[in-house]
Amino acid sequence: MSDPETPIEMVVAYIRPDKLSDVKQSLAAAGAPSLTVTNVSGRGSQPAKTGQWRGEEYTVDLHQKVKIECVVADIPADDVVDAIQDGAQTGEPGDGKVFVLPVESARQIRTGASGPDAV
Amino acid sequence: MSTLLQVDPTTVANGINNVWVLVVTFLIFFMQPGFALLESGQVRAKNVGNVLMKNMTDWILGTLVYFVVGAAVVGIVGGLTSGGDIAGAFGHIADSNAWIGWLFGAVFAMTAATIVSGAVAERMNFDAYVLFTVLMVAIIYPVVVGFTWGGGLLSSSGFLGGALGAGYLDFAGATVVHMCGGVAGLVAAKMVGARKGRYDSNGNSQPIPGHSMLLAVLGTFILAFGWYGFNVGTQATILAVADDGTLTFMGSALGRVALVTTLGMSAGGAMAMLTSARYQGKPDPLWTANGILAGLVAVTGAVPHVTWWGGALLGGLGGFLVLPAFRFTVDRLKIDDVCGVFAVHGVAGAVGTALIPVFAVGGFALNQFVLQVVGVAVIALWTIVASAVVLAALDAAVGLRVSEEEETEGLDEGEHGVSVYPEFVPSERRDTGVAADGGELRTDGGSDVDADTGSPAPAAETGVTTDE
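Order-wise, the sequence lines are chains A and B. The first sequence stops at residue 612 when you use our numbering, and every number in between is there. The second sequence stops at residue 493 when you use our numbering, and every number in between is there.
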């Protein structure tokens, strides 16, 4: 049983799609293997690309990324952030960002456990 | 009694036979979209445009090169390896009566060339591929045809065939076309190297699923449709003229090639389905599709020569071998043959052609069997050596492989500057040319602080402003 007062936090990260397997590995190594991923498109520091169709150009400023959501309680969110950065960094613009959000409550559907235990 | 219309039976037969050849030629041409779909479905969405470009290039450059060079190389090699005459090698270029026959040969050449692109998908430099396909159609494939159909080395008049007192049997090109393409693909896949991520650090293969099994299976059916032209159409004589002028319809010969082609593809698909169910626990659509093609390849050389049940057995064997041959290629040889062209076209072609005498309508003949095995070996050896030499030269000249960054981003973007499946294309453009807040493209991190050094990262070199 975790201390019911342990804060629950959600780590949200946007990373390069081809870095997903590295990040999964580093998250598992950090003790936080559970995650949800979504294919997303977004704009940040990565330069816009130019697409072309029959010689006419169009700007592609929304790049394909993978969004990762990872909710933790017993594992410090900082460790999770470090793990994601370790796995996802190439040093080029477009590596992505990581955000940490407080989570008000949690419930595990199968067991009905609440709070940190549900995480 | 009415008077029969006086016609020359030879003219009637020639007319019908040549129109038949043209019709099947167009059917064989339709294998090109089949290959394009089959290969597109087996690669990731970011490389589809590159696969399509390679398939189109095979056809458009291949036909030009085969007309000017390739068809002549067939005649030269055929003459040189049989003690024959080579003076007329370029004769087809000026003789309009030779052009139907040339086109019929050309669609086979382009089939061989296009097989290679499936093996080297997703990482080969486009320039190198284009040059390879030109040399494949100009030299590598025509030499094989010269050895066989061109009356050279392996034919009954050639040095090897003559010595064994037999002519190499490969009716529509199970080895001449398919094994040649499959083996060239294997060599090319080896020399280009595996795709990034295909093998982990321990050398174990990691799957890279293609983006559409639907396209792959649709392409398989289109290929099988065109294959009727390939196999049945090689029975090019449908009306034969006897010395006394009577016309005979070659229904029996046509029926045999049509039936054996059908039984071969079905047995191949069935065996691959069963093999995949046994090996993976469930029948697998892609293996079944590959098995249909391997069954077709296995009987392509055999269709007029074997019994109907022999054809079914050959096709079934080709289909059965697809899965183990592919796993051997990937797991033991460590060659990343993306579309399994060696298993489908190489192995099935070799086995199906070597075993023709075992199922021959006229019974087993040892000298024929020896020639079949020797012929398969000669064609494979030539293809391996010639492909390796050509690829090594191209590696030195232009490089066989795209950069690692380009491979990650996809060859559609890197080689061709396109996206086959574009997302979020602006629905309306502003005067500034980019659709972004304030009329200018703003990114919030163009002067992002580098995490390690604490200094600003270099601004993006796209001429866009940032508002940090």
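Where a beta carbon is used, it is the ideal one built from N, C-alpha and C, also for glycine.
Min CB distance residue i to chain A below 7 Å
{"i": "F449 of chain B", "result": "yes"}
{"i": "T433 of chain B", "result": "yes"}
{"i": "S444 of chain B", "result": "yes"}
{"i": "D456 of chain B", "result": "Residue confidence is low: D456 of chain B scores 49 on pLDDT, short of 50, so the model does not pin down where it sits. Its coordinate-derived value is still stated next. By this cut-off, D456 of chain B is not an interface position."}
{"i": "D462 of chain B", "result": "Reliability of the predicted coordinates at D462 of chain B is poor, the pLDDT of 44 falling under 50, and the value obtained from them is presented with this limitation in mind. No, its Cβ sits nowhere closer than 7 Å to a Cβ of chain A."}
Residue i - DSSP class collapsed to helix/strand/coil
{"i": "H236 of chain B", "result": "coil"}
{"i": "G471 of chain B", "result": "Note that G471 of chain B has pLDDT 49, beneath the 50 cutoff, so the model's placement of it is unreliable and the number below is only indicative. Correct three-state label for G471 of chain B: coil."}
{"i": "G424 of chain B", "result": "coil"}
{"i": "G605 of chain A", "result": "coil"}
{"i": "F389 of chain B", "result": "coil"}
{"i": "F79 of chain B", "result": "Going by the sequence as given, residue 79 of chain B is Lys instead of Phe. Reduced to three states, the DSSP call for K79 of chain B is helix."}
{"i": "Y224 of chain B", "result": "strand"}
{"i": "G458 of chain B", "result": "In this predicted model, G458 of chain B has a pLDDT of only 48, less than 50, meaning its place in the structure is not dependable; the value taken from the coordinates is given anyway. In this structure, G458 of chain B counts as coil in the three-state DSSP scheme."}
{"i": "S527 of chain A", "result": "coil"}
{"i": "A405 of chain B", "result": "helix"}
{"i": "C205 of chain B", "result": "helix"}
{"i": "P167 of chain B", "result": "helix"}
{"i": "G95 of chain B", "result": "helix"}
{"i": "I568 of chain A", "result": "coil"}
{"i": "I585 of chain A", "result": "Position check: residue 585 of chain A holds Glu in this sequence, whereas Ile was assumed. Coil at E585 of chain A, not helix or strand."}
{"i": "I85 of chain B", "result": "helix"}
{"i": "R600 of chain A", "result": "strand"}
{"i": "S230 of chain B", "result": "strand"}
{"i": "P540 of chain A", "result": "coil"}
{"i": "S534 of chain A", "result": "strand"}
{"i": "T106 of chain B", "result": "coil"}
{"i": "V553 of chain A", "result": "strand"}
{"i": "V573 of chain A", "result": "helix"}
7 Å Cβ shell around residue i - same chain, five flanking residues per side excluded
{"i": "R514 of chain B", "result": "Within the shown structure, residues of chain B are numbered from 26 to 493, placing residue 514 of chain B beyond reach of any answer."}
{"i": "A541 of chain A", "result": "T552, V553 and D554"}
{"i": "T139 of chain B", "result": "Q57, F60, N80 and D83"}
{"i": "T262 of chain B", "result": "N42 and M275"}
{"i": "L77 of chain B", "result": "A61 and S65"}
{"i": "G488 of chain B", "result": "Here G488 of chain B scores only 45 on pLDDT, less than 50, and its place in the model should not be relied on; the value that follows carries that caveat. Here the set comprises nothing."}
{"i": "M290 of chain B", "result": "A249, I317, G320, L321 and G340"}
{"i": "F24 of chain B", "result": "There is no way to answer for residue 24 of chain B, as the model of chain B reaches only from 26 to 493."}
{"i": "G113 of chain B", "result": "G100"}
{"i": "G343 of chain B", "result": "G293, A319, G320, V322, A323, A373, V376 and G377"}
{"i": "A134 of chain B", "result": "G87, Y91, G95, V162 and Y166"}
{"i": "T529 of chain A", "result": "E562"}
Residue i at chain B interface by Cβ criterion, 7 Å
{"i": "D496 of chain A", "result": "no"}
{"i": "Y551 of chain A", "result": "yes"}
{"i": "S534 of chain A", "result": "yes"}
{"i": "Q518 of chain A", "result": "no"}
{"i": "L513 of chain A", "result": "no"}
{"i": "Q601 of chain A", "result": "no"}
{"i": "G589 of chain A", "result": "no"}
{"i": "L594 of chain A", "result": "no"}
{"i": "L528 of chain A", "result": "no"}
{"i": "G580 of chain A", "result": "no"}
{"i": "G548 of chain A", "result": "no"}
{"i": "G544 of chain A", "result": "yes"}
Cβ shell of residue i (< 8 Å), same chain only, five flanking positions each side left out
{"i": "R509 of chain A", "result": "K558, V559, A581, T583, G587, D588 and G589"}
{"i": "V355 of chain B", "result": "S230, D361 and D362"}
{"i": "F196 of chain B", "result": "N256, T259, V282, T325, G326, A327, V328, P329 and H330"}
{"i": "A576 of chain A", "result": "V516, S519, L520, A522, A523 and A525"}
Beta-carbon proximity list for residue i, same chain, < 6 Å, skipping 5 on both sides
{"i": "A292 of chain B", "result": "G320, A337, G340 and G341"}
{"i": "F54 of chain B", "result": "V132"}
{"i": "V593 of chain A", "result": "E502, V504 and A570"}
{"i": "A413 of chain B", "result": "V212"}
Residue i Cβ short of 6 Å to the ligand GTP heavy atom set
{"i": "A96 of chain B", "result": "In the structure on display, the ligand GTP does not appear, and there are no ligands present to speak of."}
Opposing strand residues paired with residue i [DSSP bridges]
{"i": "M149 of chain B", "result": "B:R426"}
{"i": "N256 of chain B", "result": "DSSP output for N256 of chain B lists no bridge partner at all."}
{"i": "A265 of chain B", "result": "B:T273"}
{"i": "H370 of chain B", "result": "Paired residues: none, contrary to the question."}
{"i": "P595 of chain A", "result": "A:E502"}
{"i": "I561 of chain A", "result": "A:A506 and A:V530"}
{"i": "K590 of chain A", "result": "A:Y507"}
Below-7 Å beta-carbon distance, residue i vs any chain E residue
{"i": "N122 of chain B", "result": "As a matter of chain content, chain E is missing from the structure shown, whose protein chains are A and B."}
Considering only residues of the stretch 28-71 of chain B, which uninterrupted alpha helix (DSSP H) runs meet the minimum length of 4 residues and lie entirely inside it, listed in chain order?
34-54 and 56-66
Curious, which full-length alpha helix (DSSP H) runs of at least 4 residues does the stretch 291-359 of chain B contain?
Entirely contained in the stretch 291-359 of chain B, the alpha helix (DSSP H) runs reaching 4 residues are, in chain order, 310-325 and 333-352.
Just to confirm the assignment: which complete alpha helix (DSSP H) runs, minimum length 4, are found wholly within the stretch 499-523 of chain A?
513-522
Any alpha helix (DSSP H) of 4 or more consecutive residues that is wholly inside the stretch 109-140 of chain B
none
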